[in-house]
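Visitor: Below is one structure. I have some questions about it.
Here it is as structure tokens:
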């Protein structure tokens, strides 16, 4: 046999602490057909700085779709099916790099996904630039060993083969046709080269993660052994590996035979029949496409008798709505007839390769008036790759190499829903059959009408009122995840274990918005001292900060007067410009120079915020530059007057020192104390402290400026004019 090795690599990604699925870094690989060995090379590394500590990285694997993970232990939505993912842990200790290998023999062909993340996030809000987080990097590479000339086992034709040694197993494959109800694999004529008792082991199927349904068969002696499989995967190659359990130098000769039991589907209306039905009510219609029954003498319903077929297939149209958004429409109407003689089958096509990043939702609604038997139950199974063709009361919904998801509706419970999170890329089937407690004879002739709603959505229920559905991308692959707010958690933001009450949400909104009213004293002081430009800036900041935080709140206490991004930008701009104009006002510059710096600084701040809105230097840069200007101006004033500036000790004790203290406390709270849990009151304290510090730091009005005297401004009688011109006298 000729083996070919192939290598696939993807660029490294920086890992994040986990708070929602968007923090997990996804790697997407495609395993080719006839792969007999898959090896993952996982490389993790961290920085060398003092902020880097020992860390544990969790890596999840899954075939066919991104892994469904739950590191936080939250609840999934009701009716959602969750199977634990296969994961390993990689520890970064004293060494800055770790290399791990993961081997998978006879892996399933198709899409494979790896998701890696760090432990749960601490919840602290870090200001960008104040601290340097440790970089943790992760890279996944894939090696595959592929057999180029894998022998093909033809159905019904015995094939002799030889296993050379235990170290070199035999690999063959067989193609499973469509509508295969069962498969039987038989091994016979087992002979060893040393004329000893024959001992071989046969593995049917490929390994898939997190669950593998690979079937094993051990044959000893010369007795024929066989294995029967129900519902093998339709229209797929099935790998078979035969390995010798004998001595190292002994070869084994065997004869293999694979046979299939094919199900005869009932005739169903094709798309052409659907169009002709809408255009005319002609009696003669063409035969069903893909049906094994002849079209001649077909009934008006275009369906063969249920007694002559093992399943009744209903035509389904796939309607693509958007990215990871599909609706399935039944051509014969939303209601499908379900009998007890043979299951009714619906095909849900999810094999485009771009459908596995959402949630498959199947909703069944029983028409109670259509069921004549009160104790009858409609059993349903949703399965991938192959349908469940024998439904019974046990409802295990298992096929040859997969485990389906059971559903049931009855007169006592007429509605059922199933949510499959991240369905694997494949053909999915919905099987329905009418069951009676006393046996199928009781249900003969009975028929139930079941309304089927099936669709693929990026996020179930759009993540609810306390979540946001985000579309994530890894190269060209798109998938969706829910980002929860207001303490809600879970896959679809349905876990209210740590949820904030409505009263807490209202309190948070009131604190964050009304705390901005503390700018009113600063505005009053600025107006009283004739700093009208500064008062305008403070009014602008108070207005946009109030409505930005009213729009930024999670949950129900939200009010947005304009676009969220616009409100955020205006809030950040007003905050930085307020600090800028306050410090320049304290510098006591000439008016023309002060206003030029006001305008020029505002333009530069607006540009820097557009480049990086959350960068710490967008605030610290203007502050430091303004402080340099203020200190320079104060030194100039002090040198000119030959004493300290400001000269009044009362100005220092009662105004400057309290204002500076409040500003430093505000910066400390903003930079080091804010977390996701205490944000609403720590940030409110930041608003109050900054506004109060501005009121203290504003300098007194110029000496030539008189206070506002409205009684003198608004006069309606005689007014004594005052001559401010100086009289010049000649002294002789």
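In full-length UniProt numbering, the protein residues as written are 1 to 732. The beta carbon of each residue, even a glycine, is placed where N, CA and C say it ideally should be.
In chain order, what are the residue ranges of uninterrupted alpha helix (DSSP H) at least 4 long that sit wholly in the region 311 to 378?
Guide: Runs of the alpha helix (DSSP H) inside the region 311 to 378: none found.
Visitor: Using the three-state DSSP reduction, which class does residue 687 fall into: helix, strand or coil?
Guide: Residue 687 falls in the helix class under three-state DSSP.
Visitor: Could you tell me which uninterrupted beta strand (DSSP E) segments, each at least 3 residues in length, are contained entirely in the UniProt domain "EGF-like" (455 to 494), listed from first to last along the chain?
Guide: With a minimum length of 3 residues, the continuous beta strand (DSSP E) runs that stay inside the UniProt domain "EGF-like" (455 to 494) are 467 to 474 and 477 to 484.
Visitor: What whole-angstrom Cβ distance do residue 498 and residue 490 have, given they're in contact under 8 Å?
Guide: Contact doesn't hold; Cβ gap of about 10 Å is too wide.
Visitor: Answer with buried or exposed for residue 7, where buried requires no fewer than 16 other C-beta atoms within 10 angstroms of its C-beta.
Guide: Flag for residue 7 reads exposed.
Visitor: Who pairs with residue 101 in a beta bridge, going by DSSP?
Guide: In the DSSP output, where bridge partners are listed per residue, residue 101 has 41.
Visitor: Measuring only the C-alpha atoms, how far is residue 45 from residue 66?
Guide: Rounded to the nearest angstrom, the two C-alpha atoms are 23 Å apart.
Visitor: Around the Cβ of residue 148, are there at least 16 other Cβ atoms within 10 angstroms (buried) or fewer (exposed)?
Guide: Answer is exposed; the Cβ neighbour count stays below 16.
Visitor: Report, in whole angstroms, the separation of the C-beta atoms of residue 689 and residue 666, which I expect to be a contact under 8 Å.
Guide: Residue 689 to residue 666, Cβ: 4 Å. Contact.
Visitor: Could you tell me which of 355, 396, 433 and 385 sits nearest to residue 734, measuring between CA atoms?
Guide: Coverage of the chain is limited to positions 1 through 732, which leaves residue 734 absent and any answer about it impossible.
Visitor: Which class does residue 559 belong to by DSSP, given the choice of helix, strand or coil?
Guide: Correct three-state label for residue 559: coil.
Visitor: In angstroms with no decimal places, state the Cα-to-Cα distance between residue 330 and residue 453.
Guide: Residue 330 and residue 453: Cα-Cα distance of roughly 9 Å.
Visitor: Report the residue from 61, 101, 262 and 510 whose alpha carbon sits nearest the alpha carbon of residue 87.
Guide: Checked all of 61, 101, 262 and 510; the closest Cα to residue 87 is 61.
Visitor: So if DSSP puts residue 18 in a beta bridge, which residue, or which two residues, is it bridged to?
Guide: DSSP output for residue 18 lists 120 as bridge partner(s).
Visitor: My guess is that residue 253 and residue 151 are in contact by the Cβ rule of under 8 Å, so how many angstroms apart are they, rounded?
Guide: Incorrect: roughly 14 Å between the Cβ atoms, too far for contact.
Visitor: Taking the C-alpha atoms as reference points, what is the distance between residue 520 and residue 571?
Guide: Cα to Cα, the separation comes out at about 17 Å.
Visitor: Note the first and the last residue of the continuous alpha helix (DSSP H) segment covering residue 598.
Guide: Segment 591 to 611, the alpha helix (DSSP H) holding residue 598.
Visitor: Between the C-alpha atoms of residue 426 and residue 479, what's the straight-line distance to the nearest angstrom?
Guide: Whole-angstrom Cα-Cα distance: 16 Å.
Visitor: For a quick check, are the C-beta atoms of residue 116 and residue 172 less than 8 Å apart?
Guide: For residue 116 and residue 172, no; Cβs fall outside 8 Å.
Visitor: Within 8 Å of any Cβ in chain C, is that where the Cβ of residue 9 sits?
Guide: Among the protein chains of the structure shown there is no chain C, as only one such chain exists.
Visitor: Using the Cα positions of residue 344 and residue 189, report the straight-line distance between them to the nearest angstrom.
Guide: Cα-Cα distance, rounded: 41 Å.
Visitor: Count the CB pairs spanning the region 17 to 24 and the region 77 to 87 that are closer than 8 Å, and state whether there are at least three.
Guide: Too few Cβ pairs lie closer than 8 Å, so no.
Visitor: Between the Cα of residue 436 and those of 376, 460 and 389, spot the shortest distance and give me the residue it belongs to.
Guide: For the residues 376, 460 and 389, the minimum Cα distance to residue 436 belongs to 376.
Visitor: In the DSSP output, which residue or residues are listed as bridge partners for residue 183?
Guide: Looking at the DSSP assignment, residue 183 forms a beta bridge with 229 and 260.
Visitor: Out of 353, 522, 32 and 625, which one is the CA nearest neighbour of residue 64?
Guide: Taking only the C-alpha atoms, the option nearest residue 64 is 353.
Visitor: Would you mind stating whether residue 321 and residue 428 have Cβ atoms separated by less than 8 Å?
Guide: Against a cut-off of 8 Å, the Cβ pair of residue 428 and residue 321 comes out as no contact.
Visitor: How is residue 525 classed by DSSP in three states: helix, strand or coil?
Guide: It is helical.
Visitor: Would residue 334 and residue 457 qualify as a contact pair, given that the criterion is a beta-carbon distance under 8 Å?
Guide: The answer is no: Cβ separation not under 8 Å.
Visitor: Determine the burial state of residue 503: buried for a count of at least 16 other Cβ atoms within 10 Å of its Cβ, exposed for fewer.
Guide: Its Cβ having fewer than 16 others within 10 Å, residue 503 is exposed.
Visitor: Buried or exposed: residue 635, going by 16 or more other Cβ atoms within 10 Å of its Cβ?
Guide: The residue is exposed, with fewer than 16 neighbouring Cβ atoms inside 10 Å.
Visitor: Mark residue 9 as exposed unless 16 or more other C-beta atoms lie within 10 angstroms of its C-beta, in which case mark it buried.
Guide: Residue 9 should be labelled exposed.
Visitor: Cutting at 6 Å between CB atoms, please list the residues of its own chain near residue 178, excluding the five before and the five after it.
Guide: 234 and 235, listed in sequence order.
Visitor: Residue 461 to residue 382, Cα distance in whole Å?
Guide: The straight-line gap from Cα to Cα measures roughly 20 Å.
Visitor: Please list the terminal residues of the continuous beta strand (DSSP E) segment that includes residue 625.
Guide: Segment 617 to 641 is the alpha helix (DSSP H) holding residue 625; no beta strand (DSSP E) there.
Visitor: Relative to the C-alpha of residue 197, which residue among 218, 212, 246 and 226 is closest?
Guide: Out of 218, 212, 246 and 226, 246 has the C-alpha closest to the C-alpha of residue 197.
Visitor: Considering residue 579, what are the terminal residues of the alpha helix (DSSP H) in which it resides?
Guide: Taken as a continuous stretch (DSSP letters only), the alpha helix (DSSP H) holding residue 579 covers 564 to 586.
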